[in-house]
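K.L.:
2 protein chains.
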Amino acid sequence: MAHILLVEDDSDIMRINQSFLEKEGYDVHCADSVQQAAFLLEECVPDLVLLDVMLPDGDGMDFCAILRQKTQAPVIFLTARDENDDVIKGFRSGGDDYITKPYDLNVLKARIEAQLRRNAKPEAQHPRIELPDLIIDLFSGTAELDGNTCSLPQRELQILYLLASRLGSRISYHEIYEKIYGCDVEDSKNTIRVNISRLKKHLAMDDMSTYEIASTADGEYVLRRVIF
Amino acid sequence: MAHILLVEDDSDIMRINQSFLEKEGYDVHCADSVQQAAFLLEECVPDLVLLDVMLPDGDGMDFCAILRQKTQAPVIFLTARDENDDVIKGFRSGGDDYITKPYDLNVLKARIEAQLRRNAKPEAQHPRIELPDLIIDLFSGTAELDGNTCSLPQRELQILYLLASRLGSRISYHEIYEKIYGCDVEDSKNTIRVNISRLKKHLAMDDMSTYEIASTADGEYVLRRVIF
DNA sequence: AAACTGGATTACAATATTGTAACTTCGGAG
DNA sequence: CTCCGAAGTTACAATATTGTAATCCAGTTT
């Protein structure tokens, strides 16, 4: 599924590479000049770039700089020049690999896969609080209590998140309000009270639930795990 | 500010401890029996418990079990029994410290502080993505672009979060929709389009911004850092 | 030049969110 | 027993959110 930008001025080599890569399942976009490559960049950011060093209208290494403004996609230089100095220059200009012609197509494939693998961004794991029988997911805006998932409005989710992040400890409504609204006001108490009430109802939190929200005499709240 | 539950049946010792601890700035609740202590637990969860082992209506160590159902607050046993077996039994029953009478009040204070310190829950740091000039905070539901903070509706925040978690990589609207709604549908494209449009407007994202949301020809989006 | 295509934006209506205020409960004090 | 007060719940009205559909707009194609 990955998109590869292939920049190569030799039409025979381009054709061979393109058909091979497409056969391997890649989505290949081709350019035979720096200009055309820059143009393609505008409409499709590739996951990887195969770059010939010598192009009719410029140096592939110079193109690297342009490319880097658009993406961190790995660049593999393809060139006949195998002098150490050239290789070094290639890497120094921002390349991630350097393959000298002629090369084996399966080696090319392996190097491409290696680059994509290394470059693969780790899936951003959703920020969540996971307690036994209570999961709070800030990305999806949902909470799961005793296996029952429900979507919560922001305010209720924020309160639950704060309570859960301090399971068993008291938090004053002042602090909750302050954390959510950035400042405290005169009757923050009522607002928090109402939203906690709504939260309980949304979560269907009752005597049978594994957790309870208790309030102390002096305006503080605690989320507690109830053990029967 | 911490709440301490003091359970002690000797009224003299209780009075001395209570006045000392209150002078030190603690909020002290007293009980002279297991029953009363259990009752106080209902209305105020303490941050720490000072527990005499021998009480008129039961053993302090048994009370520990009841206590643990309500809170993970540290328990310090206060007792005249200094046999190794007693000490071991105290810790085994869930105690966090064990002080034998008579004790120095300042030692008591030091031990209390140590317990509260160790038990202090680390502030839950908000889950957020921080890029240069772009911060996305899922807890507060806000994004800050180029120093300009604004609150975003859930859908826009989710999209921005997904894009930012893969800065520079393409994501298809299919994938965005799938990640947000849990399934894909026929015209997910329009929904995502509209919300991205709203997102740009909310963020005041324009030619001058450090980031842009670009779309490729085949229905994919990329968040890119723009370098001038 | 007219028609067309497909993305971007705007309009709109149904729904959801949320602070405030009114109301209900319930335990303790008088 | 009644009254009081505080916590919990419900009602309500002003806003905000959001999917759908209509409109706009810039390139192409005919």
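Taken in sequence, the protein lines are chains L and H. Residue 84 in my numbering sits at position 84 of the first sequence, and the numbers go up by one each step. Residue 214 in my numbering sits at position 214 of the second sequence, and the numbers go up by one each step. C-beta atoms are modelled at their ideal positions from N, C-alpha and C, and glycine is treated no differently.
Quick check: is the beta carbon of residue 3 of chain H nearer than 9 Å to any beta carbon in chain L?
P.N.:
By 1-based counting over the second sequence, the position of residue 3 of chain H is 3. Judged by the 9 Å Cβ criterion, residue 3 of chain H is in contact with chain L.
K.L.:
Buried or exposed for residue 147 of chain L, going by 16 or more other Cβ atoms inside 10 Å?
P.N.:
For the purposes of this step, residue 147 of chain L is identified with residue 147 of the first sequence, where counting begins at 1. Burial call: exposed.
K.L.:
Buried or exposed: residue 170 of chain L, going by 16 or more other Cβ atoms within 10 Å of its Cβ?
P.N.:
Taking the first sequence and counting its residues from 1, one reaches residue 170 of chain L at position 170. By the neighbour-count rule (16 or more Cβ atoms within 10 Å), residue 170 of chain L is buried.
K.L.:
As an exercise, report each continuous beta strand (DSSP E) stretch of at least 3 residues that is fully enclosed by the stretch 45-75 of chain H, in chain order.
P.N.:
Correct list: 48-52.
K.L.:
Do you know how far the Cα of residue 153 of chain L is from the Cα of residue 187 of chain L?
P.N.:
Mapped onto the first sequence, residue 187 of chain L falls at position 187. Mapped onto the first sequence, residue 153 of chain L falls at position 153. Going from the Cα of residue 187 of chain L to the Cα of residue 153 of chain L covers about 21 Å.
K.L.:
When you compare the CB of residue 73 of chain H with every CB in chain L, is at least one pair closer than 9 Å?
P.N.:
By one-based count along the second sequence, residue 73 of chain H stands at place 73. True, the Cβ-Cβ gap to chain L drops below 9 Å.
K.L.:
Which complete alpha helix (DSSP H) runs does the stretch 168-195 of chain L hold, if anything under 4 residues is left out?
P.N.:
As far as the stretch 168-195 of chain L is concerned, its whole alpha helix (DSSP H) runs of at least 4 residues are 173-181.
K.L.:
Considering just the uninterrupted stretch of the alpha helix (DSSP H) at residue 164 of chain H, what are its terminal residues?
P.N.:
On the second sequence, position 164 is the one that residue 164 of chain H refers to. Residue 164 of chain H -> alpha helix (DSSP H) spans 154-164.
K.L.:
Along chain L, which residues have their Cβ under 9 Å away from the Cβ of residue 229 of chain H?
P.N.:
This structure leaves residue 229 of chain H out entirely; chain H is present only between 1 and 228.
K.L.:
Taking all protein chains shown into account, do 16 or more other C-beta atoms lie within 10 angstroms of the C-beta of residue 226 of chain L, making it buried, or fewer, making it exposed?
P.N.:
Position 226 of the first sequence, counted from the first residue, corresponds to residue 226 of chain L. Looking at its Cβ environment, which holds fewer than 16 other Cβ atoms inside 10 Å, residue 226 of chain L is exposed.
K.L.:
Quick one: residues in its chain with C-beta nearer than 8 Å to the C-beta of residue 209 of chain L, no 5 flanking neighbours on either side, listed in chain order?
P.N.:
Against the first sequence, residue 209 of chain L aligns to sequence position 209. Correct list, in chain order: 145, 146, 203, 226.
K.L.:
Checking contacts by CB at 9 Å: is residue 168 of chain H closer than that to chain L?
P.N.:
In the second sequence, the residue the question calls residue 168 of chain H occupies position 168. Cβ-Cβ to chain L under 9 Å: yes for residue 168 of chain H.
K.L.:
Since residue 185 of chain L meets chain H, which of its residues come closer than 8 Å, beta carbon to beta carbon?
P.N.:
Walking along the first sequence from the start, residue 185 of chain L turns up at place 185. Per Cβ cutoff of 8 Å: no residues; residue 185 of chain L is ~17 Å from chain H at best.
K.L.:
Could you pull the start and end residues of the alpha helix (DSSP H) that residue 86 of chain H belongs to?
P.N.:
Locating residue 86 of chain H in the second sequence gives position 86, where the first residue counts as 1. Unbroken alpha helix (DSSP H) run through residue 86 of chain H: 84-92.
K.L.:
Rounded to whole angstroms, what's the CA-CA distance from residue 194 of chain H to residue 189 of chain L? Just pull it up for me.
P.N.:
Residue numbering aside, residue 194 of chain H sits at position 194 when the second sequence is read from its first letter. Residue numbering aside, residue 189 of chain L sits at position 189 when the first sequence is read from its first letter. Residue 194 of chain H and residue 189 of chain L: Cα-Cα distance of roughly 38 Å.
K.L.:
For residue 222 of chain H, return the contacting residues in chain L, with the cut-off set at a CB-CB distance below 7 Å.
P.N.:
By one-based count along the second sequence, residue 222 of chain H stands at place 222. Result: 45.
K.L.:
Could you give the distance in angstroms between the alpha-carbon of residue 155 of chain L and the alpha-carbon of residue 24 of chain H?
P.N.:
Position 155 of the first sequence holds residue 155 of chain L. Position 24 of the second sequence holds residue 24 of chain H. Cα to Cα, residue 155 of chain L sits roughly 36 Å from residue 24 of chain H.
K.L.:
Taking a cut of 8 Å between CB atoms, which residues from the stretch 143-158 of chain L lie near chain H?
P.N.:
Per Cβ criterion, the list reads 154, 158.
K.L.:
With distance defined between alpha-carbon atoms, name the residue in L/197, L/165, L/8 nearest to residue 136 of chain L.
P.N.:
Counted from its first residue, the first sequence places residue 136 of chain L at position 136. Out of L/197, L/165, L/8, L/165 has the C-alpha closest to the C-alpha of residue 136 of chain L.
K.L.:
For residue 128 of chain L, which of helix, strand or coil comes out of DSSP?
P.N.:
Counting from one through the first sequence, the residue named residue 128 of chain L turns up at place 128. Three-state DSSP puts residue 128 of chain L in a strand.
K.L.:
Mind checking which residues open and close the beta strand (DSSP E) that includes residue 151 of chain L?
P.N.:
Residue 151 of chain L sits at position 151 when you count from the first residue of the first sequence. Element bounds for residue 151 of chain L: 148-151.
K.L.:
Let's test the definition: count the other Cβ atoms within 10 Å of the Cβ of residue 17 of chain L and tell me whether it reaches 16, buried, or not, exposed.
P.N.:
The residue labelled residue 17 of chain L in the question sits at position 17 within the first sequence. Per the 10 Å Cβ criterion, buried.
K.L.:
For the stretch 35-42 of chain H and the stretch 84-96 of chain H, state whether three or more C-beta atom pairs, one from each stretch, are separated by less than 8 Å.
P.N.:
The stretch 35-42 of chain H is not in contact with the stretch 84-96 of chain H.
K.L.:
Does the separation of the CB atoms of residue 99 of chain L and residue 79 of chain L fall below 9 Å?
P.N.:
Residue mapping note: residue 99 of chain L aligns to position 99 of the first sequence, counting from 1. Residue mapping note: residue 79 of chain L aligns to position 79 of the first sequence, counting from 1. Against a cut-off of 9 Å, the Cβ pair of residue 79 of chain L and residue 99 of chain L comes out as a contact.
K.L.:
Give me the Cβ distance between residue 97 of chain H and residue 111 of chain H, rounded to the nearest whole Å; I'm assuming they're in contact under 8 Å.
P.N.:
To locate residue 97 of chain H, count along the second sequence from 1; it is residue 97. To locate residue 111 of chain H, count along the second sequence from 1; it is residue 111. 5 Å between Cβ atoms; contact.
K.L.:
With DSSP run on the structure shown, which of helix, strand or coil describes residue 139 of chain L?
P.N.:
Position 139 of the first sequence, counted from the start, is the residue given in the question as residue 139 of chain L. Here residue 139 of chain L sits in coil by DSSP.
K.L.:
Give the interface partners of residue 138 of chain L over in chain H, defined as CB-CB distance under 8 Å, in chain order.
P.N.:
Walking along the first sequence from the start, residue 138 of chain L turns up at place 138. Near residue 138 of chain L (Cβ distances below 8 Å), the residues of chain H are 127, 138, 139.
K.L.:
So, at 7 Å on beta carbons, what are the nonlocal neighbours of residue 34 of chain H in its own chain, with the 5 sequence-adjacent residues on each side left out?
P.N.:
Your numbering for residue 34 of chain H matches position 34 in the second sequence. The answer, listed in chain order, is 55, 57, 58, 63.
K.L.:
Quick one: is residue 62 of chain L near chain H, going by C-beta distance under 9 Å?
P.N.:
Along the first sequence, read from residue 1 onward, the residue named residue 62 of chain L stands at position 62. It does not: the Cβ of residue 62 of chain L has no partner Cβ on chain H nearer than 9 Å.
K.L.:
Quick one: is residue 180 of chain H near chain L, going by C-beta distance under 9 Å?
P.N.:
Numbered from its first residue, the second sequence carries residue 180 of chain H at position 180. With 9 Å as the cut-off, residue 180 of chain H counts as an interface residue toward chain L.
K.L.:
Among residues of its own chain, excluding the 5 on either side of residue 151 of chain H, which ones have a beta-carbon nearer than 7 Å to its beta-carbon?
P.N.:
The residue labelled residue 151 of chain H in the question sits at position 151 within the second sequence. Closer than 7 Å at Cβ, skipping near neighbours: 141, 142.
K.L.:
In the DSSP assignment, find the unbroken alpha helix (DSSP H) run with residue 13 of chain L in it and report its ends.
P.N.:
By one-based count along the first sequence, residue 13 of chain L stands at place 13. Unbroken alpha helix (DSSP H) run through residue 13 of chain L: 11-23.
K.L.:
Any idea what DSSP makes of residue 220 of chain H, helix, strand or coil?
P.N.:
Along the second sequence, one-based indexing puts residue 220 of chain H at 220. Looking at residue 220 of chain H - three-state DSSP - the assignment turns out to be strand.
K.L.:
Between which two residues does the beta strand (DSSP E) containing residue 211 of chain H stretch?
P.N.:
Taking the first residue of the second sequence as 1, we reach residue 211 of chain H at position 211. Here the beta strand (DSSP E) through residue 211 of chain H covers 211-215.
K.L.:
Would residue 214 of chain H count as contacting chain L if we go by Cβ distances under 9 Å?
P.N.:
The residue given as residue 214 of chain H occupies position 214 in the second sequence. With 9 Å as the cut-off, residue 214 of chain H counts as an interface residue toward chain L.
K.L.:
Given that residue 69 of chain H touches chain L, what residues does it touch there, using C-beta distances under 7 Å?
P.N.:
What you label residue 69 of chain H is simply residue 69 of the second sequence in a count that begins at 1. The answer, in chain order, is 227.
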